[in-house]
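Protein chains in written order, with the numbering used here: chain A, 241 to 622; chain B, 4 to 155. The beta carbon of each residue, even a glycine, is placed where N, CA and C say it ideally should be. These numbers come from a predicted model, not from an experiment. Presented below is the structure to which this report refers.
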Amino acid sequence: MSKKSKKIYFDYAATTPVDPRVIKAMLPYFGEKFGNTMSIHSFGQDAKIALEKSREVVADLIGAKPNEIIFTGSATESNNLALKGVKGKHIIISQIEHPCIMETANWLEKQGVEVTRLPVNKYGQVNPLDIQKAIRKDTILVSIIHASNEIGTIQLIEKIGRICRQRGVYFHTDAAQSFGKIPIDVNKMNIDLLTASSHKIYGPKGAACLFVREGVKIEPLLHGGGQEMGLRSSTVNLPAIVGFAKACEIAKKEMKKESQRLTKLRDKLIKSVLKIKNSHLAGYPEKRLPNIANFWFSFIEGESIVLQLDLLRIAVSTGSACSSLKLEPSYVLLAIGLKPQEAHGSLRISLGRWTKEKDIDYFLKVLPKIVKKLREISPYGK
Amino acid sequence: MVNNIYSKKVISHFRNPHNYGKMKNPSAVGKVGNILCGDVMYLYIKVGENDIIKDIKFETFGCVAAISTSSVVTDLAKGKTLGEALKIDSKEIVKSLGGLPSIKYHCSLLGADALSEAIYDYLSKNKRLIPKELQKRHERIEKEKVDLKINN
Chain A
241 MSKKSKKIYF
251 DYAATTPVDP
261 RVIKAMLPYF
271 GEKFGNTMSI
281 HSFGQDAKIA
291 LEKSREVVAD
301 LIGAKPNEII
311 FTGSATESNN
321 LALKGVKGKH
331 IIISQIEHPC
341 IMETANWLEK
351 QGVEVTRLPV
361 NKYGQVNPLD
371 IQKAIRKDTI
381 LVSIIHASNE
391 IGTIQLIEKI
401 GRICRQRGVY
411 FHTDAAQSFG
421 KIPIDVNKMN
431 IDLLTASSHK
441 IYGPKGAACL
451 FVREGVKIEP
461 LLHGGGQEMG
471 LRSSTVNLPA
481 IVGFAKACEI
491 AKKEMKKESQ
501 RLTKLRDKLI
511 KSVLKIKNSH
521 LAGYPEKRLP
531 NIANFWFSFI
541 EGESIVLQLD
551 LLRIAVSTGS
561 ACSSLKLEPS
571 YVLLAIGLKP
581 QEAHGSLRIS
591 LGRWTKEKDI
601 DYFLKVLPKI
611 VKKLREISPY
621 GK
Chain B
4 MVNNIYSKKV
14 ISHFRNPHNY
24 GKMKNPSAVG
34 KVGNILCGDV
44 MYLYIKVGEN
54 DIIKDIKFET
64 FGCVAAISTS
74 SVVTDLAKGK
84 TLGEALKIDS
94 KEIVKSLGGL
104 PSIKYHCSLL
114 GADALSEAIY
124 DYLSKNKRLI
134 PKELQKRHER
144 IEKEKVDLKI
154 NN
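Here's what the structure looks like:
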């Protein structure tokens, strides 16, 4: 590949480009259809109609009722609303939640809420029986990430949902990575609260939602004009929400075919990368999102691999301590049993709508050379 | 390439590190580890007449900053006498790299430590007098190694 060749993006789990069809759907809502959804004149009412139509489309993707969708500004906000909004004495989370759940739980702990953080097995799965055992009389909520943003492992959501329902405990899942990529049915899975995000599914940043099952008692974080059924006061960000809905519509239509295509590419990637000596896969070989693979390479460090790849115009990410602001390795990788020096060599590759097989082939061509060079520099593994 | 984290010099050293790899029959070796992030650096020196470092090589398990630091340390120390080389500190390393992000300053200390450890190793192997400051520095680094459990 020549220097002039285009960049290869393998970091779709971080964020995705907005689909041109989504941009097209959004454009009228900046100019001609700019109204405030709270206004009673025609500008406002046109906006209100578009908002409610968007709500229907988003709800449809997870089998929810439209009035169960609360639009928010980000998955972080949705997760904060879920955890802080259900008032109670005890919550249960896992050790591999996204930082926005981890930090919210830490904050709740300071407010006097008790938090149980359940371990995961070496593939990153929570044992539903551990949840069963951890639920107490005063437990208000169980929150488990549907699919890990780092390693892609999918949780036994249906089983967890059943347990929570039987015990009368609210069940929240952070589905920011899985929503729009694998089927979700909030009724079949007994989900009471669910977080989903627009920018992970080719929609714009600044739109997300929290599914709140009818009857779930939850209090808002933001007080004001009473938008979003009183749960999220703020002037509605309509262009972003319309884009979010369009992204959901496309995801629903293309999910089956796209997940098959990505699974095939992902499996080719895993099989070929593991041919490199002393390379390892983090998480399940199969029970993982179609688009995420997480590896670790012995004797070398992740930030170095990321930058070597970036020099070749390939974008990936790492859970290495060196790339974290706290200089600590990824807690998700430590939770699945990796030693800090093993997590040091971590590399996450996440595929998406514009990933082509030739991109994978190019990556597979250059990666072994990069690993080899960094190992020549390293004092270990010779 | 656009990179807001690292300077052009850092990227250049990282892209083409100078003097990397294991050295055959070195006069001395300095092995250090970083207590903060887990990076490890080995520095090999060959000392010639008049205490001049006539050859130097490194092996590093670490990030972009650690590798480029290692590379620039070898450039700075090569051709210097042991006494001159001991004066190379983390400030000089950061300056030679055109700066480092503040969170990566510890990597430059790793480079300076590896060099002083190699010199310590050389002086003690040859039963030479070890300056008081070098002895103190060696003791601090040894203590950190115990905490990191680095194999020697």
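Q: Give the DSSP bridge partners of A/Y410, in chain order.
A: Position 170 of the first sequence holds residue 410 of chain A. BP columns for A/Y410 point to A/L381.
**Q.** Residue environment, A/N427, which counts as buried when at least 16 other CB atoms sit within 10 Å
**A.** In the first sequence, the residue the question calls residue 427 of chain A occupies position 187. By the 10 Å Cβ count, A/N427 comes out exposed.
Q) Since A/K596 and A/S499 are thought to touch, with beta carbons under 8 Å apart, how far apart are those beta carbons, to the nearest angstrom? A) For the purposes of this step, residue 596 of chain A is taken as residue 356 along the first sequence, with counting starting at 1. For the purposes of this step, residue 499 of chain A is taken as residue 259 along the first sequence, with counting starting at 1. Contact flag wrong, Cβ pair sits at about 16 Å.
Q: Answer yes or no: does any C-beta atom of chain B fall closer than 9 Å to that of A/L565?
A: Working through the first sequence from its first residue, we reach residue 565 of chain A at position 325. Output row for A/L565: interface = yes.
Q: Note down, in chain order, each residue of its chain lying with its Cβ closer than 6 Å to the Cβ of B/Y125, except the 5 sequence neighbours on either side.
A: Translated into positions along the second sequence, residue 125 of chain B becomes position 122. The residues are S30, A31 and V50.
**Q.** A/R588 - containing beta strand (DSSP E), residue span
**A.** Taking the first residue of the first sequence as position 1, residue 588 of chain A is located at position 348. Segment S586 to S590, the beta strand (DSSP E) holding A/R588.
Q.
Restricting to Cα atoms, I'd like to know which of A/L369, A/K440, A/D432 and A/Q351 is closest to A/A387.
A. Residue mapping note: residue 387 of chain A aligns to position 147 of the first sequence, counting from 1. Closest option to A/A387, Cα to Cα, is A/K440.
(Q) Short of 6 Å in beta carbon distance, which residues of its chain neighbour A/Q351, apart from the five on each side in sequence? Order them along the chain. (A) In the first sequence, the residue the question calls residue 351 of chain A occupies position 111. Taken in chain order, the list of residues that qualify is empty.
(Q) Just to confirm before moving on: does the CB-CB distance between A/A480 and A/A436 stay below 9 Å? (A) Numbered from its first residue, the first sequence carries residue 480 of chain A at position 240. Numbered from its first residue, the first sequence carries residue 436 of chain A at position 196. Cβ distance not < 9 Å, so A/A480 and A/A436 don't count as in contact.
(Q) Residues of the segment 537-564 of chain A in Cβ contact with chain B at a cutoff of 9 Å, in chain order, please. (A) Near chain B, meaning a CB-to-CB distance below 9 Å, the residues of the segment 537-564 of chain A are F539, I540, E541, G542, E543, S544, V546, L547, Q548, D550, L551, R553, S560, A561, C562, S563 and S564.
Q. Can you list, in chain order, the residues of the segment 579-590 of chain A whose Cβ is nearer than 7 Å to any Cβ on chain B?
A. The segment 579-590 of chain A vs chain B, Cβ under 7 Å: P580, Q581 and H584.
Q) According to the Cβ coordinates, are A/A561 and A/Q335 closer than 9 Å? A) Here residue 561 of chain A corresponds to residue number 321 of the first sequence, with the count starting at 1. Here residue 335 of chain A corresponds to residue number 95 of the first sequence, with the count starting at 1. For the 9 Å CB-CB criterion, A/A561 and A/Q335 do not form a contact.
Q.
Taking the straight line between their C-alpha atoms, what separation do you get for B/K139 and A/R593?
A. Here residue 139 of chain B is taken as the residue at index 136 of the second sequence, counted from 1. Here residue 593 of chain A is taken as the residue at index 353 of the first sequence, counted from 1. Straight-line spacing of the CA atoms in B/K139 and A/R593 works out to 58 Å.
Q) Is the segment 501-517 of chain A touching the segment 302-310 of chain A in the sense that three or more CB pairs, one from each, lie closer than 8 Å? A) Taking 8 Å as the limit for Cβ pairs, the verdict is that the segment 501-517 of chain A does not touch the segment 302-310 of chain A.
**Q.** Chain-order list of residues whose beta-carbon lies under 8 Å from that of B/N155 (same chain, five-residue window excluded)
**A.** Numbered from 1 along the second sequence, position 152 holds the residue referred to as residue 155 of chain B. With a pLDDT of only 42 at B/N155, under 50, the local geometry of the prediction cannot be trusted, and no value is derived from it.
Q | Cβ-Cβ distance between A/L461 and A/E317 below 9 Å | A | Stepping through the first sequence from its first residue, residue 461 of chain A is reached at position 221. Stepping through the first sequence from its first residue, residue 317 of chain A is reached at position 77. Between A/L461 and A/E317, the CB-CB gap stays under 9 Å.
Q.
What does the alpha-carbon distance come out to for the pair A/Y252 and B/H141?
A. For the purposes of this step, residue 252 of chain A is taken as residue 12 along the first sequence, with counting starting at 1. For the purposes of this step, residue 141 of chain B is taken as residue 138 along the second sequence, with counting starting at 1. Here the alpha carbons of B/H141 and A/Y252 stand approximately 46 Å from one another.
Q: Could you check the C-alpha separation between B/G24 and B/S71 for me, to the nearest Å?
A: Taking the first residue of the second sequence as position 1, residue 24 of chain B is located at position 21. Taking the first residue of the second sequence as position 1, residue 71 of chain B is located at position 68. When rounded, the distance between both Cα atoms is 14 Å.
Q: With DSSP as the reference, label B/N154 as helix, strand or coil.
A: Taking the second sequence and counting its residues from 1, one reaches residue 154 of chain B at position 151. Residue confidence for B/N154 is low, a pLDDT of 46 falling below 50, so the modelled location carries little weight; the figure read from the coordinates is stated next. Coil, per DSSP.
Q: Let me know if A/T475 comes out buried or exposed under the rule of 16 or more other beta-carbons within 10 Å of its beta-carbon.
A: Working through the first sequence from its first residue, we reach residue 475 of chain A at position 235. Exposed, because fewer than 16 other Cβ atoms sit within 10 Å of the Cβ of A/T475.
Q) Along chain B, which residues have their Cβ under 7 Å away from the Cβ of A/Y571? A) The residue given as residue 571 of chain A occupies position 331 in the first sequence. Here the premise fails: no neighbours, minimum Cβ distance about 15 Å.
(Q) I'd like to know whether the C-beta of B/I96 is nearer than 9 Å to at least one C-beta of chain A. (A) Stepping through the second sequence from its first residue, residue 96 of chain B is reached at position 93. B/I96 does not count as touching chain A.
**Q.** Continuous beta strand (DSSP E) stretch holding B/K34: start and end
**A.** Residue numbering aside, residue 34 of chain B sits at position 31 when the second sequence is read from its first letter. B/K34: member of the beta strand (DSSP E) spanning A31 to G36, first to last residue.
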